[in-house]
Amino acid sequence: MKSNAASYKRAAILSASPERLILMLFDGALDAMRRAKEGFKLASVKERNETISNNLIKAQNIFAELQ
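Going by my numbering, the sequence shown opens with residue 62, and the numbers climb by one from there.
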């Protein structure tokens, strides 16, 4: 099942227009920032810090790619 989803995602990316790719990247960055914000609600300090850090790094990487 996971490989089917990955194949679909790969096909969608490879066939997308440049404008659509930019929108997909922005959507990914917004999702990562949303997940980081939700991480503040976690009770475990370790899990909270990892969630926030990992998702902010994902967002930063996407913005770096857009530059």
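All C-beta atoms in this analysis are idealised placements derived from N, C-alpha and C, irrespective of residue type, glycine included.
Query	Result
Nearest-angstrom Cα separation, counted from residue 128 out to residue 64	30 Å
Residue 98 - DSSP class collapsed to helix/strand/coil	helix
Integer Cβ distance of residue 120 from residue 94, believed to fall under 8 Å	5 Å
Straight-line Cα distance separating residue 88 from residue 61	Summary: the structure shown does not reach residue 61, with the chain confined to residues 62 through 128, and so no result is reported for it.
Top-ranked residue by Cα proximity to residue 96, from 110, 69, 84 and 85	110
Alpha-carbon spacing of residue 74 relative to residue 99, whole angstroms	27 Å
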